[in-house]
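Before any comments, here is the structure.
Residue numbers (my numbering): 1 to 254.
Below is the structure:
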C-alpha cells in the first residue's frame, strides 16, 4: 500500500529532509534519515486508522480464527504482525473472494496525524550522538519525546537506553505494511528477569519511493508472574521529503 501521496496531502506544513545537512562524518546507519549536525526537521506522529468496511471483515476473520485448534492459531500468528495485512489462509477465508474484499478494505487504511514534532541528532564526540526532539504541549510550550533519552554509539552501531543496549539489523517491509514499502535499520533489546520481561525498539527507514522517512519507537514491559502489561509506549513519526535543498532548523532558530 502506497500512502506517500495521502501523507503529503494531509500535512499542512510538510517537513523537508536535507541530506546535505548531515555531518560528513555521520555514520551510515543514521545518516540519510535524520540530520546529524545539531539541527532538527519537522515531522508528525501518526497512527493507522482502519476503514469501517475493514473492521467488519476483520471481525469475521477473527471469529473463524478463535474456532481453530491452538496449533493452527500459533501457525497463523507466527506469519503475521499487527501492523501488516494478514496473509491468505483458507481456514480464515474459505472463499478467496472474501480475502480479496478484505485486502481492498485494508488498502483504505489512512494515517491520522496526532502531533507535530521536531527531531534531529547531534554529535557529542567520541562517536556518540544524542537525540534532539520537541513536541508542543497545551500551554504553548514544548517537551522532548521519550527518544530524547537514547544515545547512538556509532563505534558499536548500538542505541543506548536506560535499559541497556539496542543492537542493530536491517529492516524491510513491502506494500502489505501499514506505512507502505520501506527499508532501513532497526535496533532491538529484549531482556527478562524474575519479575518482568522488557522489549525496546527504535527503527529508521525510508519509503522505497523516496518520499518519506519514518522513525518508530516502542517499549513494552510485562509482568512474568501475571502477564500484566506494566508499560506500553510507542509511536511512529513521519518526515515527508519535499526538497533536497531546503534547510533544517538549528535549536534557537525559527
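C-beta: ideal position from N, C-alpha, C; glycine also.
The structure presented is a predicted model; accordingly, all values stated were derived computationally and were not measured.
For residue 205, there is no enclosing alpha helix (DSSP H); the residue is found in the beta strand (DSSP E) stretching over 196-207. Within the same chain, and ignoring the five residues on either side of residue 235 in sequence, the residues whose Cβ sits closer than 7 Å to its Cβ are 45, 217.
The residues 92, in chain order, have a CB closer than 6 Å to that of residue 64 in the same chain once the five nearest residues on each side in sequence are set aside. Listed as beta-bridge partners of residue 177 by DSSP are 84. Between the stretch 182-198 and the stretch 163-171 there are three or more inter-stretch CB-CB distances shorter than 8 Å, so the stretches are counted as touching. Here DSSP, grouped into helix, strand and coil, assigns residue 155 to coil. Distance from the CA of residue 90 to the CA of residue 76, rounded to the nearest whole angstrom, comes to 11 Å. Here residue 66 is exposed. Its C-beta has fewer than 16 other C-beta atoms within 10 Å. At the C-beta level, residue 142 and residue 134 come within 8 Å of one another.
In this structure, 47 is the residue among 47, 209, 219, 149 with its C-alpha nearest to the C-alpha of residue 114. If only complete runs of 4 or more residues are kept, the stretch 107-134 shows no alpha helix (DSSP H) anywhere. By DSSP's assignment, residue 67 forms no beta bridge with any residue. The residue among 202, 220, 74, 128 with its C-alpha nearest the C-alpha of residue 37 is 128. Looking from the CA of residue 221, the closest CA among 214, 215, 213, 231 belongs to 231. Taking the C-beta atoms as reference points, residue 237 is found nearer than 8 Å to residue 119. Residue 206 has its alpha-carbon roughly 19 Å from the corresponding atom of residue 159. With contacts defined as CB atoms closer than 8 Å, residue 117 and residue 85 fail to qualify as a contacting pair.
Per the DSSP secondary-structure output, residue 170 pairs in a beta bridge with 185. When the beta-carbon positions are compared, residue 80 and residue 239 stay at least 8 Å from each other.
Contact annotation: residue 192 and residue 224 have beta-carbon atoms nearer than 8 Å. Within the model, the alpha-carbon separation for residue 96 versus residue 213 is close to 35 Å.
Nearest neighbour of residue 105 by Cα position, chosen from 83, 181, 58, turns out to be 58. DSSP, reduced to helix, strand and coil, places residue 232 within a strand of the structure shown.
Approximately 5 Å separates the beta-carbon atoms of residue 83 and residue 178; this is inside 8 Å, confirming the contact.
Spanning the alpha carbons of residue 28 and residue 219 requires a straight line of approximately 25 Å.
Distance check between residue 149 and each of 157, 130, 68 places 130 closest, using alpha-carbon atoms only.
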